[in-house]
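Enquirer:
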Amino acid sequence: MSLWDLFLSAAFVENLPLTLFLGLCTFLALSKRPETAVGLGIAMIAVMGVTVPLNQLVYSALLAPGALAWAGYPEIDLSYLALLAFIGVIAAVVQLLEMLLDRFLPGVHAAFGVFLPLLTVQCAILAGSLFMVERSYTLTEGLVFGLGGGTGFALAVTMLSAIRARLAYADLPAGLRGLGITFILAGLMSLGFSSFAQMAAQ
Amino acid sequence: MTAPSPLWSTLTQPLIRQNPVTLQILGICSALAVTTQLPTALTMAGSLTIVLALSAGIISLIRRHIPDAIRLIVQIVIVASLVIVIDQLLQAYLFEISQSLSVFVSLITTNCLVLGRTESFARHNPPLPSMIDALGNGLGYSLVLIAIGAVRELFGAGTLLGYQVLPLAEQGGWFTPLALMMLAPSAFFLLGGLVWAIRTVRPEQAEPPEFAAPQIPEGME
Chain A
1 MSLWDLFLSA
11 AFVENLPLTL
21 FLGLCTFLAL
31 SKRPETAVGL
41 GIAMIAVMGV
51 TVPLNQLVYS
61 ALLAPGALAW
71 AGYPEIDLSY
81 LALLAFIGVI
91 AAVVQLLEML
101 LDRFLPGVHA
111 AFGVFLPLLT
121 VQCAILAGSL
131 FMVERSYTLT
141 EGLVFGLGGG
151 TGFALAVTML
161 SAIRARLAYA
171 DLPAGLRGLG
181 ITFILAGLMS
191 LGFSSFAQMA
201 AQ
Chain B
1001 MTAPSPLWST
1011 LTQPLIRQNP
1021 VTLQILGICS
1031 ALAVTTQLPT
1041 ALTMAGSLTI
1051 VLALSAGIIS
1061 LIRRHIPDAI
1071 RLIVQIVIVA
1081 SLVIVIDQLL
1091 QAYLFEISQS
1101 LSVFVSLITT
1111 NCLVLGRTES
1121 FARHNPPLPS
1131 MIDALGNGLG
1141 YSLVLIAIGA
1151 VRELFGAGTL
1161 LGYQVLPLAE
1171 QGGWFTPLAL
1181 MMLAPSAFFL
1191 LGGLVWAIRT
1201 VRPEQAEPPE
1211 FAAPQIPEGM
1221 E
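One line per chain: the protein sequences are A and B, in this order.
For the first sequence, position 184 (counting from the first letter as 1) is numbered 184 according to our numbering, and the numbering increases by one without interruption.
So the mapping is simple: our numbering equals the position in the second sequence, first residue as 1, plus 1000.
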């Protein structure tokens, strides 16, 4: 599979929120206005593009079965610690990114707003790293997969927020208002995205 | 008749009235991905309830010793350790189900429901009420998961827990499986419908409209 194919499949065929149901909490909660949705999308691309390759390095250098051979312990298998290590790396990267942006690019930092710290506990970001282990991606593949997954999330959340902004004036049944109609909308979008899977299969 | 004790209402409140999934929008991430079949949904619901109750208990026990600045990290580490234990247990005893759950067991770590409950309840309450609150929320989450999993398995494959309930057309029966139920969109539709149904029965849960139509005074057309 070429890198471009990997990018497309990460962004469209395996769209994080719509096909794999990952990161739905932020996907639903922060899609009320297009401006916030775009900010969240950009933050997702940045964080996923950094954490997936970084976690790939950590996993292959320290945790994978036999990875500690360079230190003289070829029989040690620390792969069960992957979860803790990944969460730590993600939290550290998010914190670092926030400090760097605040120091050097205050405009961008203001645009990200409150979303950056939230991303530490975002399932989509952790899932990116876990999928990377499950499918044993190399460093470059990890980078492309992270960027593709982030792009797919950004696209989906921006589109959903655009639809919701228009629906704000619609006269919905009381019980369907808010969360209910958002699920139905996400379902319709997911129906659209599942046709990408058909295209990929051909 | 005696009034229900506060512990009992802490347990039963989150089942329908304060359901974590349909009202508080917590923990949806994993709620949908694992519901194509009832067995995976049951395993997931059980694992999450156990992790939720144990982490609430542990965090509540040490709540006076966690410095405020690093409390999120401490909570995540505790939850992640519990999840690793559950994951290893599943791989040891329920290998096939753990394969089909793939990364979603590990993702309990970042389930907003777990952190949401420890943040908002276990941090301020003694261990027993915290664990009961966590148990109630876990059961509320399980209820939604099991309902959606049952509907999707019944109409998607005509089976429940692997037993043939509706006779399939290709085996001489009358039921043609709905392929849509096995795909991602159906989970969104079902959950949307469930939210609608609950809010129709309990109108106090409905969200207020964002914009009100302008009032036209009497006599002016």
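Glycine residues also receive a C-beta, built at the ideal position from the N, C-alpha and C atoms.
CB-CB under 7 Å to asparagine 55(A), same chain, minus the five flanking residues each way: which ones, in chain order?
Expert: The residue labelled residue 55(A) in the question sits at position 55 within the first sequence. Within the same chain, asparagine 55(A) has close Cβ partners Phe86, Val89, Ser129 and Met132.
Enquirer: When the Cβ atoms of the region 1120 to 1137 of chain B are set against those of the region 1058 to 1076 of chain B, are three or more pairs found closer than 8 Å?
Expert: yes
Enquirer: Does leucine 1107(B) come within less than 8 Å of chain A when only Cβ atoms are used?
Expert: One-based indexing of the second sequence puts residue 1107(B) at position 107. It does; some Cβ of chain A falls within 8 Å.
Enquirer: For the alpha helix (DSSP H) holding threonine 151(A), just list the boundary residues, first then last.
Expert: Sequence index remark: in the first sequence, residue 151(A) carries index 151 (1-based). For threonine 151(A), the enclosing alpha helix (DSSP H) has its first and last residue at 139 to 167.
Enquirer: Is there at least one Cβ from chain A nearer than 8 Å to alanine 1179(B)'s Cβ?
Expert: In the second sequence, residue 1179(B) corresponds to position 179, counting from 1. False, the Cβ-Cβ gap to chain A never drops below 8 Å.
Enquirer: Candidates Leu1191(B), Val1201(B), Met1044(B) and Met1182(B): which alpha carbon is nearest alanine 174(A)'s?
Expert: The residue given as residue 174(A) occupies position 174 in the first sequence. Comparing Cα positions, the closest option is Val1201(B).
Enquirer: Establish whether the CB of serine 190(A) and some CB of chain B are separated by less than 8 Å.
Expert: Walking along the first sequence from the start, residue 190(A) turns up at place 190. Closer than 8 Å: yes.
Enquirer: Nearest chain B C-beta to alanine 127(A) closer than 8 Å, yes or no?
Expert: Within the first sequence, numbered from 1, the residue matching residue 127(A) stands at position 127. With 8 Å as the cut-off, alanine 127(A) counts as an interface residue toward chain B.
Enquirer: Is there a Cβ from chain A that is less than 8 Å from the Cβ of isoleucine 1073(B)?
Expert: As a working mapping, residue 1073(B) is identified with position 73 in the second sequence. Chain A contact via Cβ: present.
Enquirer: If we require 4 or more residues per run, which alpha helix (DSSP H) segments fall completely within the region 22 to 100 of chain A?
Expert: 24 to 29 and 34 to 58
Enquirer: Could you check what DSSP says for threonine 1012(B) in three-state terms: helix, strand or coil?
Expert: Walking along the second sequence from the start, residue 1012(B) turns up at place 12. Threonine 1012(B) falls in the helix class under three-state DSSP.
Enquirer: For the putative contact between glycine 1138(B) and leucine 1048(B), defined by C-beta atoms under 8 Å, what is the C-beta separation to the nearest angstrom?
Expert: Counting from one through the second sequence, the residue named residue 1138(B) turns up at place 138. Counting from one through the second sequence, the residue named residue 1048(B) turns up at place 48. 6 Å between Cβ atoms; contact.
Enquirer: Does any C-beta atom of chain A lie closer than 8 Å to the C-beta of alanine 1056(B)?
Expert: The residue labelled residue 1056(B) in the question sits at position 56 within the second sequence. For alanine 1056(B), the answer is no, since every Cβ of chain A falls outside 8 Å of its Cβ.
Enquirer: Look at the alpha carbon of glutamate 75(A) and the alpha carbon of tryptophan 1008(B), and state the distance between them as a whole number of angstroms.
Expert: Within the first sequence, residue 75(A) is the residue found at index 75, counting from 1. Within the second sequence, residue 1008(B) is the residue found at index 8, counting from 1. Looking at the two C-alpha atoms, the distance is approximately 51 Å.
Enquirer: Do we get a CB-CB distance below 8 Å when we pair threonine 140(A) with the residues of chain B?
Expert: To locate residue 140(A), count along the first sequence from 1; it is residue 140. Output row for threonine 140(A): interface = no.
Enquirer: Distance cutoff 8 Å, beta carbons only. Does tyrosine 59(A) sit that close to anything in chain B?
Expert: For this step, residue 59(A) is matched to residue 59 along the first sequence. Not an interface residue.
Enquirer: List the residues that DSSP assigns as beta-bridge partners of tyrosine 1163(B).
Expert: Here residue 1163(B) refers to the residue found at position 163 of the second sequence. According to DSSP, which records beta bridges pairwise, tyrosine 1163(B) is partnered with Leu1160(B).
Enquirer: So, is the C-beta of serine 136(A) closer than 8 Å to a C-beta in chain B?
Expert: Mapped onto the first sequence, residue 136(A) falls at position 136. Cβ-Cβ to chain B under 8 Å: no for serine 136(A).
Enquirer: Go to aspartate 5(A), then tell me how far its alpha helix (DSSP H) extends in each direction, as first and last residue.
Expert: Here residue 5(A) is taken as the residue at index 5 of the first sequence, counted from 1. Per DSSP, aspartate 5(A) belongs to the alpha helix (DSSP H) from 3 to 8.
Enquirer: Buried or exposed: which applies to glutamine 1205(B), given that a residue is buried once 16 or more other Cβ atoms fall within 10 Å of its Cβ?
Expert: On the second sequence, residue 1205(B) is found 205 positions in, with the first residue counted as 1. Residue burial annotation: glutamine 1205(B) is buried, with at least 16 other C-beta atoms found within 10 angstroms of its C-beta.
Enquirer: Go ahead and pull the three-state DSSP assignment for leucine 1094(B).
Expert: Mapped onto the second sequence, residue 1094(B) falls at position 94. Of the three classes helix, strand and coil, the one that applies to leucine 1094(B) here is coil, per DSSP.
Enquirer: I'd like to know if serine 79(A) contacts chain B, where contact means its C-beta is closer than 8 Å to some C-beta of that chain.
Expert: In the first sequence, the residue the question calls residue 79(A) occupies position 79. No, no contact with chain B.
Enquirer: Taking only beta-carbon atoms, is arginine 1199(B) less than 8 Å away from chain A?
Expert: Numbered from 1 along the second sequence, position 199 holds the residue referred to as residue 1199(B). Yes, its Cβ sits closer than 8 Å to a Cβ of chain A.
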